[in-house]
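Trainee: Going by our numbering, 1382 is the number at position 27 of the sequence shown; the sequence numbering is gapless.
Structure in structure tokens, see below.
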Amino acid sequence: MAEFCKECYKKVFGDISDDEKIILSLNKDLCEECVQYKRVVVSIVKYSLIGNIITLPFKLIYKLVKFLIK
């Protein structure tokens, strides 16, 4: 699989829409487009309104419990 940094990924595949999020690697790797060591794109996550509505209560409960523990 080809590995591209965020800038090169956008250049090669076009701009990412607002409802998508780019996940980058933790370590630097060689970008095959610009041939520099940078964090490369691991995956693209597409958000949906229904998914956000379903997970919102769980996120709020998690933050509340985390706050109470402190």
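The beta carbon of each residue, even a glycine, is placed where N, CA and C say it ideally should be.
Quick one: using the 10 Å Cβ neighbour count with 16 as the cut-off for buried, is Val1420 buried or exposed?
Mentor: One-based indexing of the sequence shown puts residue 1420 at position 65. Looking at its Cβ environment, which holds fewer than 16 other Cβ atoms inside 10 Å, Val1420 is exposed.
Trainee: How long is the line joining the alpha carbons of Cys1386 and Lys1361, rounded to whole angstroms?
Mentor: Along the sequence shown, read from residue 1 onward, the residue named residue 1386 stands at position 31. Along the sequence shown, read from residue 1 onward, the residue named residue 1361 stands at position 6. Computed Cα separation, rounded: 9 Å.
Trainee: Check whether the Cβ atoms of Ile1416 and Ile1399 sit closer than 7 Å, and answer yes or no.
Mentor: On the sequence shown, position 61 is the one that residue 1416 refers to. On the sequence shown, position 44 is the one that residue 1399 refers to. Contact flag unset, no.
Trainee: For Tyr1364, is the classification buried or exposed, using 16 other Cβ atoms within 10 angstroms of its Cβ as the cut-off for buried?
Mentor: As a working note, residue 1364 is residue 9 in the sequence shown. Buried, because 16 or more other Cβ atoms sit within 10 Å of the Cβ of Tyr1364.
Trainee: If you draw a straight line from the alpha carbon of Val1357 to that of Lys1366, how long is it in whole angstroms?
Mentor: Residue 1357 sits at position 2 when you count from the first residue of the sequence shown. Residue 1366 sits at position 11 when you count from the first residue of the sequence shown. A small fix is needed here, since residue 1357 is Ala in this sequence, not Val. Answer to the nearest angstrom: the Cα atoms are 14 Å apart.
Trainee: Among the candidates Gly1369, Leu1423, Val1397, whose CA atom is the shortest distance from the CA of Ser1380?
Mentor: Taking the first residue of the sequence shown as 1, we reach residue 1380 at position 25. When each option's Cα is compared against that of Ser1380, the closest is Val1397.
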